[in-house]
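The structure appears right after this line, and notes come after that.
There are 2 protein chains.
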Amino acid sequence: MRSSQFFLPTLRENPTEAQIVSHRLMLRAGLVRQTAAGIYAWLPLGFRVLKNIERIVREEQDATGCQEVLMPTIQSADLWKESGRYEAYGKEMLRITDRHEREMLYGPTNEEVITDIFRNGAKSYRDVPALLYHIQWKFRDEVRPRFGVMRGREFLMKDAYSFDLDFAGAKRAYNKMFVAYLRTFARMGLKAIPMAADTGPIGGDLSHEFIILAETGESAVFCDKSFTERDVLSMNIDYESDLEPIVKAWTTDYAATDEKHDAIRFDAIAPERRVEARGIEVGHIFYFGTKYSEPLKAQVQGPDGQNVTLHMGSYGIGVSRLVGAVIEASHDDKGIIWPESVAPFKAGIVNLKVADAACSKLCEDLYAKLTKAKVEVLYDDRDIRAGEKFAEMDLIGLPWQVVVGPRGAAQGKVEFTNRKTGEKQEISAEEALNRLTAA
Amino acid sequence: MRSSQFFLPTLRENPTEAQIVSHRLMLRAGLVRQTAAGIYAWLPLGFRVLKNIERIVREEQDATGCQEVLMPTIQSADLWKESGRYEAYGKEMLRITDRHEREMLYGPTNEEVITDIFRNGAKSYRDVPALLYHIQWKFRDEVRPRFGVMRGREFLMKDAYSFDLDFAGAKRAYNKMFVAYLRTFARMGLKAIPMAADTGPIGGDLSHEFIILAETGESAVFCDKSFTERDVLSMNIDYESDLEPIVKAWTTDYAATDEKHDAIRFDAIAPERRVEARGIEVGHIFYFGTKYSEPLKAQVQGPDGQNVTLHMGSYGIGVSRLVGAVIEASHDDKGIIWPESVAPFKAGIVNLKVADAACSKLCEDLYAKLTKAKVEVLYDDRDIRAGEKFAEMDLIGLPWQVVVGPRGAAQGKVEFTNRKTGEKQEISAEEALNRLTAA
Chain Z
1 MRSSQFFLPT LRENPTEAQI VSHRLMLRAG LVRQTAAGIY AWLPLGFRVL
51 KNIERIVREE QDATGCQEVL MPTIQSADLW KESGRYEAYG KEMLRITDRH
101 EREMLYGPTN EEVITDIFRN GAKSYRDVPA LLYHIQWKFR DEVRPRFGVM
151 RGREFLMKDA YSFDLDFAGA KRAYNKMFVA YLRTFARMGL KAIPMAADTG
201 PIGGDLSHEF IILAETGESA VFCDKSFTER DVLSMNIDYE SDLEPIVKAW
251 TTDYAATDEK HDAIRFDAIA PERRVEARGI EVGHIFYFGT KYSEPLKAQV
301 QGPDGQNVTL HMGSYGIGVS RLVGAVIEAS HDDKGIIWPE SVAPFKAGIV
351 NLKVADAACS KLCEDLYAKL TKAKVEVLYD DRDIRAGEKF AEMDLIGLPW
401 QVVVGPRGAA QGKVEFTNRK TGEKQEISAE EALNRLTAA
Chain S
1 MRSSQFFLPT LRENPTEAQI VSHRLMLRAG LVRQTAAGIY AWLPLGFRVL
51 KNIERIVREE QDATGCQEVL MPTIQSADLW KESGRYEAYG KEMLRITDRH
101 EREMLYGPTN EEVITDIFRN GAKSYRDVPA LLYHIQWKFR DEVRPRFGVM
151 RGREFLMKDA YSFDLDFAGA KRAYNKMFVA YLRTFARMGL KAIPMAADTG
201 PIGGDLSHEF IILAETGESA VFCDKSFTER DVLSMNIDYE SDLEPIVKAW
251 TTDYAATDEK HDAIRFDAIA PERRVEARGI EVGHIFYFGT KYSEPLKAQV
301 QGPDGQNVTL HMGSYGIGVS RLVGAVIEAS HDDKGIIWPE SVAPFKAGIV
351 NLKVADAACS KLCEDLYAKL TKAKVEVLYD DRDIRAGEKF AEMDLIGLPW
401 QVVVGPRGAA QGKVEFTNRK TGEKQEISAE EALNRLTAA
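Top to bottom, those sequences are chains Z and S.
Take 1 as the starting number for the first sequence in UniProt numbering and just add one per residue.
Take 1 as the starting number for the second sequence in UniProt numbering and just add one per residue.
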């Protein structure tokens, strides 16, 4: 993509409404624009990040055998009356009356709809275990939406639902999601720590929040250092095997948010192993048994011919929230530092002198070759000041910068910069190409 | 995917509420379920088709240089008051009041929001031409939703918007979309015919509908046979070149819907060249000049320093509607016949006797090899009657069926069936593998 053609309205000034760094940077770097309180439009640069995060979430859900569906955003109130949550949900639910005066709502979550779909579609024990997910926009009418996409009203969420004959089956589904979540966040360069959680309005017995560490996190967290040392991506996961040992390994050491903090247990950890940090919730998993299947009569016929009320769980990841969370975890004074897995482009080419024929030729050549090799690259081909180009590249945080000036170009050289470490190397254009096209 | 694990709740009986064939088949084949009047959930099989259609739409939009964004579903009423459409839109607009008593709405279209984003982000003539699109759910509160996803209330639409300094620029954008639309529909195996259209509530001067031919189409259409003979996919399109000759070639011969039909012009065509058929609208493009940019003051500074009010166009494709439209255009008595480009799986393997070791071994082997080669395949590994398996495979319409029985398996043979032509061939399993893995 050429900067001269790319719709990237960056801001020079810090927007006054943004109180946290991710919100500030998302507005400044032209990722999003607020269109109403707590509601955002994703501009081309932000959209690319959102899609990358969504792709990672999807790949890891698919790997567990979870099947993707897509439920609508607008739901009938009827099912919520059946489950008993219609009144209970309160003002956070966006209630709507359609032209025929029917009570509708914008789904804040989908337990009722998926349970309805499954009870109508599944007949016997042969139809379970089942794991279904979707990635869809939700709406929660927060009193005071803030922090940009971190606490917006309309937000993109991945929610999965499991259906099993009994607790043992449900726990297997829970474990699959638990492990998939560890992998999902790790692939985005995040250290996510599972912490036992209250089940809140979704209800149920067994629940974990996944909290990532970020200096600017919303709440205090306390944990054993072991969590920061584990590496789930190097493990070979077979989702059909017993995952309990992995889940156990990730739930035995101490880890708690402020609300559930137990100072006595924490203080029992060796001082150098104690981590006190800030955290951001990015995922939440629940086992809630028959809380919805009971009132909604979601049953299948068991092997013995008797009807069995299904055991269920639900498993959420805040997809749009993660864009903010990644920034909270990875930025500096100059701007965002994208991990390669979610970066909107892998590299940026900075043409320092568009009027210089050799300089532009080298840039064009590199751009053409990278594009051909399907490396996503943003080529700043605009005739503006070099300082402006550098500032924008740092702000938007692409992992690699290839800076081409007239002097270097004359020798076929470029400056190759790692956005994260700041390390700069003068290398040949060919070498830059090789590095960027290498896996 | 194994049928034993796939959530595919098919129906044996024709659902009484379904009046048209695509609605009937989408319910019967387990593609969608209605969750409220005119609102559908996409089950795993239907979701795969929806994603394939969305992918083709996206690839063809991207090819034109159009940049993807994502606008929210919920909009503030303020912008619609600015454009003057808030009152005009009538009851089809789903109006919402949030907890702070602010007037909101579920976007039926996005001219206002995109114009607002662009007027705030673009400053000078250097920021145009610009083409932006998104693929997002829309809501139109139809009085009488019907025909399944063909006329639902919540539907997925691709809408693109162009911004230019003048009519000439806007026409270039219009032509890009015109050609991209021809390619998009052709890739789905559809014959789409552009027909001059009324501009309706969107307003403007220049507009074409893209109508596909289907026996069960919603309206009568009349055109020259030439439209059914053209092949846009074999052309090498350069979107930066002048596309006017292509657009001209596709707009010169007679083509009109019922409403705009001119019997005198039609009758002037040689009788054997006259096509009277039924059609379904799947896309609509508009040039509407300054209709929105004027009231919303969307301007950029021109080269001479003077402000220029932008010329705009909008370009829609009914993504979820296309799933129904493809079925209307391609089905038989037994069920759906998916074109390969949008099929949920390329092939189905039918194991005729799960209890037969050689038969199951051959199936498992073929399934493993196809999966490894990334060919999407549905393997019916269930222990149910062969007749039931055949009926379901025909109903869900995968392009190729590989039928494996004990007798053939003993000789390494399978029956290889083309769903569309019905042609059956007895070939070796290896040959079947080769055919399915060949591009």
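All residues carry an ideal CB built from backbone N, CA and C; glycine is no exception.
Asked                                                                                                                                                                            : Found
Restricting to Cα atoms, I'd like to know which of Z:V404, Z:I427 and Z:V275 is closest to Z:A386.                                                                               : Z:V404
So with Cβ pairs under 7 Å, would you call Z:E68 a contact of chain S?                                                                                                           : yes
Identify each residue in the region 72 to 83 of chain Z for which the Cβ-Cβ distance to at least one residue of chain S is less than 9 Å, and report them in chain order.        : P72, T73, I74, Q75, S76, D78 and L79
Tell me the rounded alpha-carbon separation between S:T421 and Z:M312.                                                                                                           : 44 Å
Taking DSSP as the reference, what is the three-state secondary structure of Z:V282?                                                                                             : strand
If you compare alpha carbons, which of Z:E229, Z:D238, Z:V113 and Z:S124 is closest to Z:D62?                                                                                    : Z:D238
Could you check which residue in S:L190, S:Q136, S:V179 and S:I269 has the C-alpha nearest to that of S:F222?                                                                    : S:I269
DSSP has Z:F139 in a bridge; who is on the other side?                                                                                                                           : Z:E154
Which residues does DSSP pair with S:A196 in a beta bridge?                                                                                                                      : S:H208
Verify whether the separation of the beta carbon atoms of Z:I96 and S:P72 is less than 7 Å.                                                                                      : no
Out of curiosity, what's the CA-to-CA distance linking Z:T309 and Z:K123?                                                                                                        : 12 Å
So for Z:W250, helix, strand or coil by DSSP?                                                                                                                                    : coil
Does any C-beta atom of chain S lie closer than 7 Å to the C-beta of Z:T115?                                                                                                     : no
Who are the near neighbours of Z:K176 in its chain, counting only those whose CB is closer than 6 Å to its CB and skipping five residues on each side?                           : T64 and Y239
Does the beta-carbon of S:Q401 have 16 or more other beta-carbons within 10 angstroms, so that it is buried, or is it exposed?                                                   : buried
Using a threshold of 7 Å, state whether the C-beta atoms of S:V414 and S:A429 are closer than that.                                                                              : yes
Taking the runs of the beta strand (DSSP E) that are 3 residues or longer, which of them lie wholly in the region 390 to 417 of chain Z?                                         : 400 to 404
Taking the alpha helix (DSSP H) that S:E54 belongs to, which residues open and close that run?                                                                                   : P44 to A63
Would Z:P245 pass as an interface residue toward chain S - the criterion being a Cβ-Cβ separation below 7 Å?                                                                     : no
Would you grab the beta carbon distance between residue 454 of chain S and S:D258 for me? Rounded to a whole angstrom, and I think it's under 8 Å.                               : What is shown of chain S runs 1 to 439, which leaves residue 454 of chain S out entirely.
Counting only Cβ pairs nearer than 7 Å, list the residues of chain S close to Z:Y40.                                                                                             : P72
What residues match up with S:Y161 in a beta bridge as DSSP calls it?                                                                                                            : S:L132 and S:S314
Does the beta-carbon of Z:R100 have 16 or more other beta-carbons within 10 angstroms, so that it is buried, or is it exposed?                                                   : For the sequence presented, residue 100 of chain Z should be read as His rather than Arg. It counts as exposed.
Less than 8 Å between C-beta atoms, sequence neighbours within five positions excluded: which residues of the same chain meet that for S:I336?                                   : L25, A29, I327, S330, L395, I396 and G397
Report yes if the C-beta distance between Z:L362 and Z:A409 is below 7 Å; otherwise report no.                                                                                   : yes
For the region 372 to 382 of chain S and the region 341 to 360 of chain S, state whether three or more C-beta atom pairs, one from each stretch, are separated by less than 8 Å. : yes
Flag this pair as touching only if the region 290 to 299 of chain S and the region 143 to 160 of chain S have three or more C-beta atom pairs under 8 Å; answer yes or no.       : no
Indicate whether Z:S320 and Z:V149 have their beta-carbon atoms separated by less than 7 Å.                                                                                      : yes
Counting only Cβ pairs nearer than 8 Å, list the residues of chain Z close to S:M26.                                                                                             : Within chain Z, no residue comes near S:M26; the closest Cβ sits about 14 Å away, beyond 8 Å.
At the level of alpha carbons, what is the spacing between S:W250 and S:A192?                                                                                                    : 11 Å
Assuming S:K126 contacts S:T216 under a Cβ cut-off of 8 Å, what Cβ separation, rounded to an integer in Å, is found between them?                                                : One detail in the question is off: residue 126 of chain S reads as Arg in this sequence, not Lys. Wrong, their Cβ atoms sit about 49 Å apart, outside the cutoff.
Under the assumption that Z:P9 contacts S:E68 (Cβ atoms under 8 Å), give the Cβ distance between them as a whole number of angstroms.                                            : Z:P9 to S:E68, Cβ: 16 Å. No contact.
Counting only beta-carbon separations shorter than 7 Å, does S:P15 have a partner in chain Z?                                                                                    : no
In terms of alpha-carbon separation, which member of S:G189, S:K389, S:A373 and S:V342 lies closest to S:V354?                                                                   : S:K389
Grouping DSSP H, G and I as helix and E and B as strand, with all else coil, what is Z:G387?                                                                                     : helix
Compare the beta carbon distance of S:I280 and S:A325 with 7 Å and say whether it is the shorter of the two.                                                                     : yes
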